[in-house]
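These protein sequence lines map, in sequence, to chains V and Y. First residue of the first sequence: 1, per our numbering; consecutive thereafter. First residue of the second sequence: 440, per our numbering; consecutive thereafter.
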Amino acid sequence: MTSSTSPASGADKTSGPVARFLKATEIDTRLLGMIGALLLIWIGFHMFGVIFKGAGSFLTPRNLWNLSVQTASIGIMATGMVLVIVTRHIDLSVGSVLGFCAMVMGLFQARILPDLLGLGHPMIWVLTMIVGMAVGTLIGAFHGWLIAYRSIPSFIVTLGGLLVWRGAAFLLARGETISPLDPTFSLLGGGPYGSVGAMGSWIVCAIACAAILWMIFNGRKSRSRHGFAMRPMWAEYFLALLGCGLVIGATLLVNSYPWPKGIVTQYATANNITVPETGLFISHGWAIPVLILMAVGIVMTVLATRTRFGRYVFAIGGNPDAAELSGINTRWMTVKIFGLMGLLTGLSSVVASARLNSATNALGTLDELYVIAAAVIGGTSLAGGVGTIYGAIIGALVMQSLQTGMVLIGFDAALQNIVVGSVLVLAVWLDIVYRKRAK
Amino acid sequence: MVNKGTPLVELKDISISFGGIKAVDHVSVDLYPGEVVGLLGHNGAGKSTLIKCLSGAYRADSGEVWINGEKVEISNPRDARSHNIETIYQTLALADNLDAASNLFLGRELVGPGGFLDDAAMEAETRKIMGRLNPNFRKFNVPVSALSGGQRQSVAIARAVYFNAKILIMDEPTAALSHKEIHELYDLVEKLKAQGKAILFISHKFDEIFRIADRWTVFRDGQFIGTGQMADVTEAALVQMMVGRAVDQIYPKRPARIGRPVLTVSGYGHPTEFEDIGFTLHQGEILGFYGLVGAGRSEVMQALFGITRPSKGACRVGDEIRVIRTTAQAVEAGIVYVPEDRGKQGAVKGLPIFQNVTLPSLARTSRAGFLRLAEEFKLAREYTQRLDLRAASLDQDVGLLSGGNQQKVVIAKWLATKPRVIILDEPTKGIDIGSKAAVHDFMSELAAEGLAVIMVSSEIPEVLGMSDRVIVMREGRIAAEFAGAAMTPENLVRAAVGITGEAA
Numbered sequence: 001m002t003s004s005t006s007p008a009s010g011a012d013k014t015s016g017p018v019a020r021f022l023k024a025t026e027i028d029t030r031l032l033g034m035i036g037a038l039l040l041i042w043i044g045f046h047m048f049g050v051i052f053k054g055a056g057s058f059l060t061p062r063n064l065w066n067l068s069v070q071t072a073s074i075g076i077m078a079t080g081m082v083l084v085i086v087t088r089h090i091d092l093s094v095g096s097v098l099g100f101c102a103m104v105m106g107l108f109q110a111r112i113l114p115d116l117l118g119l120g121h122p123m124i125w126v127l128t129m130i131v132g133m134a135v136g137t138l139i140g141a142f143h144g145w146l147i148a149y150r151s152i153p154s155f156i157v158t159l160g161g162l163l164v165w166r167g168a169a170f171l172l173a174r175g176e177t178i179s180p181l182d183p184t185f186s187l188l189g190g191g192p193y194g195s196v197g198a199m200g201s202w203i204v205c206a207i208a209c210a211a212i213l214w215m216i217f218n219g220r221k222s223r224s225r226h227g228f229a230m231r232p233m234w235a236e237y238f239l240a241l242l243g244c245g246l247v248i249g250a251t252l253l254v255n256s257y258p259w260p261k262g263i264v265t266q267y268a269t270a271n272n273i274t275v276p277e278t279g280l281f282i283s284h285g286w287a288i289p290v291l292i293l294m295a296v297g298i299v300m301t302v303l304a305t306r307t308r309f310g311r312y313v314f315a316i317g318g319n320p321d322a323a324e325l326s327g328i329n330t331r332w333m334t335v336k337i338f339g340l341m342g343l344l345t346g347l348s349s350v351v352a353s354a355r356l357n358s359a360t361n362a363l364g365t366l367d368e369l370y371v372i373a374a375a376v377i378g379g380t381s382l383a384g385g386v387g388t389i390y391g392a393i394i395g396a397l398v399m400q401s402l403q404t405g406m407v408l409i410g411f412d413a414a415l416q417n418i419v420v421g422s423v424l425v426l427a428v429w430l431d432i433v434y435r436k437r438a439k
Numbered sequence: 440m441v442n443k444g445t446p447l448v449e450l451k452d453i454s455i456s457f458g459g460i461k462a463v464d465h466v467s468v469d470l471y472p473g474e475v476v477g478l479l480g481h482n483g484a485g486k487s488t489l490i491k492c493l494s495g496a497y498r499a500d501s502g503e504v505w506i507n508g509e510k511v512e513i514s515n516p517r518d519a520r521s522h523n524i525e526t527i528y529q530t531l532a533l534a535d536n537l538d539a540a541s542n543l544f545l546g547r548e549l550v551g552p553g554g555f556l557d558d559a560a561m562e563a564e565t566r567k568i569m570g571r572l573n574p575n576f577r578k579f580n581v582p583v584s585a586l587s588g589g590q591r592q593s594v595a596i597a598r599a600v601y602f603n604a605k606i607l608i609m610d611e612p613t614a615a616l617s618h619k620e621i622h623e624l625y626d627l628v629e630k631l632k633a634q635g636k637a638i639l640f641i642s643h644k645f646d647e648i649f650r651i652a653d654r655w656t657v658f659r660d661g662q663f664i665g666t667g668q669m670a671d672v673t674e675a676a677l678v679q680m681m682v683g684r685a686v687d688q689i690y691p692k693r694p695a696r697i698g699r700p701v702l703t704v705s706g707y708g709h710p711t712e713f714e715d716i717g718f719t720l721h722q723g724e725i726l727g728f729y730g731l732v733g734a735g736r737s738e739v740m741q742a743l744f745g746i747t748r749p750s751k752g753a754c755r756v757g758d759e760i761r762v763i764r765t766t767a768q769a770v771e772a773g774i775v776y777v778p779e780d781r782g783k784q785g786a787v788k789g790l791p792i793f794q795n796v797t798l799p800s801l802a803r804t805s806r807a808g809f810l811r812l813a814e815e816f817k818l819a820r821e822y823t824q825r826l827d828l829r830a831a832s833l834d835q836d837v838g839l840l841s842g843g844n845q846q847k848v849v850i851a852k853w854l855a856t857k858p859r860v861i862i863l864d865e866p867t868k869g870i871d872i873g874s875k876a877a878v879h880d881f882m883s884e885l886a887a888e889g890l891a892v893i894m895v896s897s898e899i900p901e902v903l904g905m906s907d908r909v910i911v912m913r914e915g916r917i918a919a920e921f922a923g924a925a926m927t928p929e930n931l932v933r934a935a936v937g938i939t940g941e942a943a
């Protein structure tokens, strides 16, 4: 992994080329470590397939595309969990709240709105989403209020929530599964129709590349205006190239995953297109839930690092007493943080139920543990004050990669749990070792 | 008094650095049996860092530790114990919820047959050793959280003595003790010395060092400055070595131009802590609050800052009546408070210096909720420079700074909010003479600029030297107020202890 970059502190003339390179490009070694671990897992599973089954199935467009979609739900919630854990709290209720929101949305879009607006009305999906996210926010804020203004430990409040909301989800429809959902709504879960296609993906790609270039250019301009130390020019070019390269590569990948034959035929028939002998190649492109996750990641990163709200979160995590004495309303902050966690849980619930095209009361069971694990694998410290959004998303990707990989190579469920649990503990241990050395 | 034979402890050429800053720079110290060495130096001079290297809390980057003429490795507290080194920390490391005997034997419990704890034997042993060291000690079966500072200290020392420590490190042991307890501690140190133990004694108090130490060692900025016999040195010479320059004037109070009233408090009361508090504070004034510990001074200040809520009374800032129920409202009204417990309530460790400074001012430096780092750096630079903060960069974690510098960050943080009233609770407690002078200097400067200052202090010379006016509190009430010629030590003490009748 990153052991070759160990002389991280005091990178001056005496340090090696790798350390100098990292210093110039300002790439976080922890980020590199996480990406390294991720690649190791991917290549490991792929090679396992190559060696024992004759063909690797992990590093294929199909698998990676599925992986991205499967990561979305947990990843969205993990970004909120980072803030909760940074402020020395925990939220054990997100899985149940997700299930409850899904039930509310299911009933709302399948039983209530069609009666009011008519079946298949174009506003149904929007209204449903708003209701789901509002319910999530209210539940989260209520938890936050109990924690902040009634001084009940967050562990207890959300442990109670874990049971209460799962039960409530059952009661809403007496345990029935609600299916199918509104067709437009279910696009938010991905699938061939729930992706933006080749052209759409290239547009997303172009916007992303432009944003990367703008950030690098603007960052440099602002540093020079305020007289801060600047990266060398070659490092700026390198970062621009790396960023755009990654985005373009990923877009090529999702565009090289075609729709399955059945869907193509169905689509061709519906649109009166004749399918040629050789078959019709229609790209999936970026899946909508993945785009939602990316947008959440960007918004949450800005929120955590560039706003007062974010600064207060880290100040409270670092020293609650000092934060309170600095005039920060720490109680109200707690309500806001848990409300935000609820909002993201509601959004995640949209993605998860849309993906299944149904609402079941068991949806999201055990998700709280995966979400917490993703945040922690991504470097969020349970002692508070430390954590990053990108880390949590990569953490979610690591968790999902492990699970997908083990399914591909045919590990049974019991073994999967053992591996995931061990990796969680191992990741935290490595992080602790890293931090000690960095000191 | 010439030391003979091998020293019990020799620290040779020790260096320790944090984040690129040398906390201890090629320092050598030795210690002989039956000797008390007083370790003197500024906050941040490297005293605590050095002893942590001996107690196993830190590892030295370079240098050697020799015990009894043999080179040893001390990489954790257990190693230190195995070499008979015991440390009595500034904040006593006792488990608050356990009683004296459990603390004394913590980690080395006596067990009976079957591997069960032998509580009776442990208590008997504790009573035996406490009887020798501190015959007045009675509280054996209560959690040590119920003990006074001195009693807790004697438990910590008993632990060291019981397990046959030969080398005792005492880091500001009298900081939390009453007058009487300090004298009991002196007696105890004399006893230990007579038993041939070597004691490293860190203190800021000169009377203490002169009372108890045989030899002095002075550090400054992480470097060894000198050592010698107490008998051959004067207080002034030690101060000179500690600060590196002559301290001619300890209280640099400038004549103040007292302006309009800034803060008027009337009839403040609290169900349990204080009653009928009323006073007026003017621009450019330093108002001293004197009283015995527990007189309710800090509680009044905390109410003014919105940490606790007064049950009655009114408060006027400038021309406006203000209701202050939260710290945010206090800051908005222009009242800020530098707490006594700076470690716990002051700085946010883990955040860089500049973020600590701007924490209460983010409303000004940000726009529409978005941070503007350039503005933050500007603000942080302005105020840290004013306070002469010594740090590698403003991006550095505040936790890596020394206590004195952390305090500067906290003060800078509040000054950056452009307050009208600044409340300093025991601003020089536990800091050395050089830093004290800097704080006093700075207070004078603030008052000269028109800020209204409230200084809570228990040190009479400081109160008299710095204040324009002094309010003395006793049992939650204002006992007396003195100004001008009436500000004498006798008057303050009489009012504080409740002797009625006006002194001359």
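All C-beta atoms, glycine included, are put in the ideal place defined by N, C-alpha and C.
For Lys-847 (chain Y) and chain V, any beta-carbon pair shorter than 8 angstroms?
-> At a cut-off of 8 angstroms, the C-beta of Lys-847 (chain Y) has no neighbouring C-beta in chain V.
Taking the continuous alpha helix (DSSP H) assigned at Glu-548 (chain Y), which residues delimit it?
-> First-last for Glu-548 (chain Y): undefined, no H or E at that position.
Backbone secondary structure at Gln-109 (chain V) - three-state DSSP | Residue state for Gln-109 (chain V) is assigned as helix, using DSSP reduced to three classes.
Can you grab the Cα-Cα spacing for the pair Val-376 (chain V) / Gly-395 (chain V), in whole Å?
-> Val-376 (chain V) and Gly-395 (chain V): Cα-Cα distance of roughly 7 angstroms.
Could you tell me which residues DSSP puts in a beta bridge with Gly-667 (chain Y)?
-> Note: Gly-667 (chain Y) is bridge-paired with Y:Trp-655 in the DSSP secondary-structure output.
Within 10 angstroms of the Cβ of Ala-922 (chain Y), are there 16 or more other Cβ atoms? Answer buried if so, exposed if not.
-> In this structure Ala-922 (chain Y) is exposed. Its beta-carbon is surrounded by fewer than 16 other beta-carbon atoms within 10 angstroms.
Any chance the region 140–155 of chain V sits against the region 337–356 of chain V, with 3 or more Cβ pairs inside 8 angstroms?
-> With a cut-off of 8 angstroms, the region 337–356 of chain V and the region 140–155 of chain V count as touching, because enough Cβ pairs lie within range.
Which of helix, strand or coil DSSP assigns to Asp-321 (chain V) | DSSP places Asp-321 (chain V) in helix when its eight states are reduced to three.
Can Ala-168 (chain V) and Leu-107 (chain V) be called in contact, C-beta distance under 8 angstroms?
-> A distance of 8 angstroms or more separates the beta carbons of Ala-168 (chain V) and Leu-107 (chain V).
Option in V:Val-290, V:Gly-379, V:Gln-403, V:Gly-391 with minimal Cα separation from Val-433 (chain V) | Per the C-alpha coordinates, the member of V:Val-290, V:Gly-379, V:Gln-403, V:Gly-391 positioned closest to Val-433 (chain V) is V:Gly-379.
Is Ala-295 (chain V) closer than 8 angstroms to Ser-186 (chain V) when the C-beta atoms are compared?
-> No. Outside cutoff.
DSSP puts Met-894 (chain Y) in a beta bridge; with which residues?
-> Looking at the DSSP assignment, Met-894 (chain Y) forms a beta bridge with Y:Gly-727, Y:Leu-863.
Sort out for me which residues DSSP pairs Pro-582 (chain Y) with in a bridge.
-> Beta-bridge pairing links Pro-582 (chain Y) to Y:Asp-538.
Name the chain Y residues that come within less than 8 angstroms of Phe-217 (chain V), Cβ to Cβ?
-> Within 8 angstroms Cβ-Cβ: nothing; Phe-217 (chain V) doesn't reach chain Y, min ~17 angstroms.
Neighbourhood of Gly-889 (chain Y) by C-beta distance below 7 angstroms, restricted to the same chain and skipping five residues each side = The answer, listed in chain order, is Gly-698, Gln-722, Gly-723.
Can you give me, in chain order, the residues of the region 610–643 of chain Y that have a beta carbon less than 8 angstroms from any beta carbon in chain V?
-> Of all residues in the region 610–643 of chain Y, none has a Cβ within less than 8 angstroms of some Cβ in chain V.
Would Glu-821 (chain Y) be called buried (16 or more neighbouring beta carbons within 10 Å of its own) or exposed?
-> Glu-821 (chain Y) should be labelled exposed.
Under the rule that 16 or more other beta-carbon atoms within 10 Å means buried, what is Leu-293 (chain V), buried or exposed?
-> If you draw a 10 Å sphere on the C-beta of Leu-293 (chain V), you find 16 or more other C-beta atoms in it, and that means buried.
Determine the DSSP secondary structure at Thr-307 (chain V), reduced to helix, strand or coil.
-> Thr-307 (chain V): strand per DSSP, three-state reduction.
Would you list, in chain order, the members of the region 323–334 of chain V that have their beta-carbon closer than 9 angstroms to a beta-carbon of chain Y?
-> Across the region 323–334 of chain V, CB contacts with chain Y closer than 9 angstroms involve Ala-323, Glu-324, Leu-325, Ser-326, Gly-327, Ile-328, Asn-329, in sequence order along the chain.
Compare the C-beta of Lys-805 (chain Y) with all C-beta atoms of chain V and state if any pair is closer than 8 angstroms.
-> Inspection of the sequence shows that residue 805 (chain Y) is occupied by Ser rather than by Lys. Yes - at least one Cβ of chain V is within 8 angstroms of the one on Ser-805 (chain Y).
Interface flag, Lys-783 (chain Y) vs chain V, CB-CB below 8 angstroms | With 8 angstroms as the cut-off, Lys-783 (chain Y) counts as an interface residue toward chain V.
Taking Cβ positions, are Gly-635 (chain Y) and Ser-617 (chain Y) nearer each other than 8 angstroms?
-> Not in contact: Gly-635 (chain Y) and Ser-617 (chain Y) (Cβ atoms no closer than 8 angstroms).
Counting only the same chain and skipping the five closest in sequence on each side, list residues whose C-beta sits under 8 angstroms from that of Val-936 (chain Y).
-> Result list for Val-936 (chain Y): Leu-731, Arg-913, in chain order.
Going along the chain, which residues of its own chain have a beta-carbon closer than 7 angstroms to the beta-carbon of Ala-685 (chain Y), five neighbours each way excluded?
-> In this prediction, Ala-685 (chain Y) scores a pLDDT of 44, lower than 50, which makes its location untrustworthy; no coordinate-derived value is stated.
Taking 8 angstroms as the CB-CB cut-off, is Lys-491 (chain Y) touching chain V?
-> No - not a single Cβ of chain V is within 8 angstroms of the one on Lys-491 (chain Y).
Please name the residue in V:Leu-64, V:Tyr-312, V:Ile-76, V:Gly-249 whose C-alpha comes closest to that of Arg-88 (chain V).
-> Arg-88 (chain V) has its Cα closest to that of V:Tyr-312, out of V:Leu-64, V:Tyr-312, V:Ile-76, V:Gly-249.
So, is the C-beta of Pro-694 (chain Y) closer than 8 angstroms to a C-beta in chain V?
-> At a cut-off of 8 angstroms, the C-beta of Pro-694 (chain Y) has no neighbouring C-beta in chain V.
Closer than 9 angstroms by beta-carbon distance: list the chain Y residues that pair up with Asn-417 (chain V), in chain order.
-> Residues of chain Y passing the Cβ test: none, with the nearest at roughly 34 angstroms.
So what does DSSP say about Trp-286 (chain V), is it helix, strand or coil?
-> Looking at Trp-286 (chain V) - three-state DSSP - the assignment turns out to be coil, as it is neither helix nor strand.
Within-8 angstroms CB hit, Arg-306 (chain V) to chain Y | Yes, Arg-306 (chain V) counts as interfacial toward chain Y.
If you measure beta-carbon to beta-carbon, which residues of the region 468–485 of chain Y are closer than 7 angstroms to chain V?
-> Correct list: empty, as no residue qualifies.
At a Cβ cut of 9 angstroms, what residues of the region 56–72 of chain V count as close to chain Y, listed as they run along the chain?
-> Sequence-ordered contacts of the region 56–72 of chain V with chain Y are nonexistent [C-beta pairs closer than 9 angstroms].
Within 10 angstroms of its Cβ, does Tyr-390 (chain V) collect 16 or more other Cβ (buried), or is it exposed?
-> Taking all protein chains shown into account, Tyr-390 (chain V) has 16 or more neighbouring C-beta atoms within 10 Å of its C-beta and is therefore buried.
Leaving out five residues before and five after Asp-687 (chain Y) in sequence, what residues of the same chain have Cβ atoms less than 6 angstroms from its Cβ?
-> With a pLDDT of 43 at Asp-687 (chain Y), under the threshold of 50, the modelled position of this residue cannot be trusted, and the question is left open.
Under the assumption that Asp-91 (chain V) contacts Val-84 (chain V) (Cβ atoms under 8 angstroms), give the Cβ distance between them as a whole number of angstroms.
-> The Cβ separation is near 5 angstroms, so the contact holds.
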